[in-house]
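In the working numbering, the protein residues as written are -16 to 64.
Everything on this sheet refers to the single structure shown next.
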Amino acid sequence: MATFTIKTGNGDTVVYTDETKFKEMQQRSIRNSLLADSDSMMVSDRGLTDAKKAEWVAYRKALRDMDFSDLENLTWPTKPS
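Written out as structure tokens, the structure reads:
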């Protein structure tokens, strides 16, 4: 039986025996990193226009709403410029 290991954000190690679940967790980890990277765009003193902030809010919502049921056809939202 194959095992797959991933480290969580707090440094814990999680071992999976289900390859599909492992792949899902990898993709969720990428999504979580993108969310964390965009946190600074939500700070009120960032100086973004209302329109630009709305783009970032929509991007973050799209990341949170991602459907991981079909890992071969994930739709990643486009990061605002």
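Backbone N, C-alpha and C define an ideal beta-carbon position, used for all residues, glycine too.
All values derive from a computational prediction rather than experimental measurement.
| Item | Value |
| --- | --- |
| Boundaries of the alpha helix (DSSP H) in which K6 is found, first to last residue | E2 to S21 |
| Beta-carbon proximity of L46 to Q10, cut-off 8 Å | no |
| Per DSSP, cross-strand counterpart(s) of Y89 | Here the chain has residues from -16 to 64 only, and residue 89 is not among them. |
| Per-residue DSSP class, three states only, for V26 | coil |
| Integer-rounded CB distance, given that P63 should sit under 8 Å from E38 | 4 Å |
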